[in-house]
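Per this note's numbering, the very first residue in the sequence shown carries number 69; after that it's consecutive.
Down below is the structure, laid out as structure tokens.
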Amino acid sequence: MEVVLVPAFADNYIYVLRDAASGKVGVVDPGDAEPVIAELERRGWAPTHIFLTHHHDDHIGGVAALKARYRPTVIGARADSHRIPGLDVALDEGARTVFGEQTARVIAVPGHTSGHIAFWFETAFDGAGALFCGDTLFALGCGRLFEGTPEQMWESLGKLRALSDSTRVYCGHEYTLSNARFAVTVDPENGALLERAEIIAAMRERGEPTIPSTVGLERRTNPFLRADDPAVQAAVGLPGAAPERVFAEIRRRKDHFRG
């Protein structure tokens with residue numbers, strides 16, 4: 069499966085997918101139709117599918133224009149069907165949706181929003197899957213808890229953390245540099261994180277995207293996935309505490325972080 073990153077707004081990523089075997093084309097979280105249409109026209113592609121992770125406008129704002137122009141099938145969460153206009157296929161946790169020769173499994177990941185889902189294409193690439201996780205998991209971060217609880221988000225992240233190490237992570241925003249600056253404050257002895265933070269700073273200095281990441285890399289370096297690690301627990305002053313409590317403290321600190 070080919071994945072094209074389409075920047076939008078200040079820091080969003082929209083993804084255009086193409087299944088090589090069938091020629092089917094999909095768009096993930098088109099918050100803005102204009103840059104998507106430009107990319108599609110440049111490549112001579114027409115979308116057959118739109119995949120939506122959650123209802124926020126910067127992820128669905130371009131759906132109406134794309135649907136009017138190309139008539140794709142719009143796929144999203146049943147839990148959000150009342151607040152995603154134009155939804156054609158409403159899916160629940162564990163459902164599978166076919167995209168050409170690819171199949172995506174729906175993973176319910178409430179926390180950022182109550183109806184948030186992720187799409188996991190287990191065999192998108194040779195030996196690796198592709199995870200489109202919206203604003204639940206970021207490179208070195210996670211989404212703010214607008215509608216969910218720390219317990220819900222920790223459980224949701226646990227589902228994503230359990231995927232294979234090689235799974236490529238395609239998240240909704242380019243927040244990685246800020247996330248790295250924060251991560252080293254709560255996991256300061258993590259050598260893999262310190263090395264990654266230097267690489268990220270250099271990439272952003274060159275104007276390069278830091279996406280995709282991988283599940284394995286996030287598991288080793290993302291403090292929001294490491295709330296059950298004794299080193300992280302000690303670093304935030306909660307040795308031996310329940311992971312949900314540690315996660316809540318990390319999220320609280322990130323909400324007030326300026327860096």
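Glycine included, C-beta positions come from ideal geometry on N, C-alpha and C.
- Residues H180 and T181 of the same chain have their beta carbon placed closer than 7 Å to that of F214, with the five preceding and five following residues left out of the count.
- Classified as buried, D87 has 16 or more neighbouring CB atoms from the shown chains inside 10 Å of its CB.
- In the DSSP annotation of this structure, the continuous segment of the beta strand (DSSP E) that includes F167 starts and ends at R164 to F167.
- Bounds of any beta strand (DSSP E) do not take in N247; it lies within the alpha helix (DSSP H) bounded by T244 to V254.
- As DSSP reads the structure, S281 sits in a beta bridge with V237.
- With a threshold of 16 other beta carbon atoms within 10 Å, R264 meets it and is buried.
- For S90 and E70, the gap between their C-alpha atoms comes out near 12 Å.
- In the structure shown, A145 falls within a strand segment according to DSSP collapsed to helix, strand and coil.
- At the C-beta level, L134 and A158 stay beyond 8 Å of one another.
- In the DSSP annotation of this structure, the continuous segment of the beta strand (DSSP E) that includes G202 starts and ends at A196 to G202.
- Leaving aside the five residues that flank V74 on each side, the residues in its chain whose CB is nearer than 8 Å to its CB run, in chain order, Y81, I82, Y83, V84, P103, V104 and E107.
- Taking all protein chains shown into account, D125 has fewer than 16 neighbouring C-beta atoms within 10 Å of its C-beta and is therefore exposed.
- An exposed status is given to E257, since fewer than 16 other beta-carbon atoms sit within 10 Å of its beta-carbon.
- The residues D255, E257 and N258, in chain order, have a CB closer than 8 Å to that of A299 in the same chain once the five nearest residues on each side in sequence are set aside.
- The beta carbon of S246 lies closer than 7 Å to those of G327 in the same chain, with the five residues before and after it left out.
- Proximity of the segment 232-246 to the segment 302-317 falls short of the contact definition, fewer than three beta-carbon pairs being nearer than 8 Å.
- Measuring C-alpha to C-alpha distances from E273 to each of V96, T244, F200 and P218 identifies T244 as the nearest.
- Check the Cα spacing between L225 and each of F119, E312 and V93: the tightest is with E312.
- Our two residues, G94 and D148, have alpha carbons roughly 20 Å apart in a direct line.
- For H127, the enclosing alpha helix (DSSP H) starts and ends at D125 to I128.
- Nearest to A186 by C-alpha distance, out of A136, R146 and K322, is R146.
- Bridge pairing for E70: R86 [DSSP].
- Note on geometry: alpha-carbon atoms of P140 and C210 lie some 30 Å from one another.
- A straight-line Cα-Cα distance of about 21 Å links E266 and L205.
- G209 has F206 as its beta-bridge partners, per DSSP.
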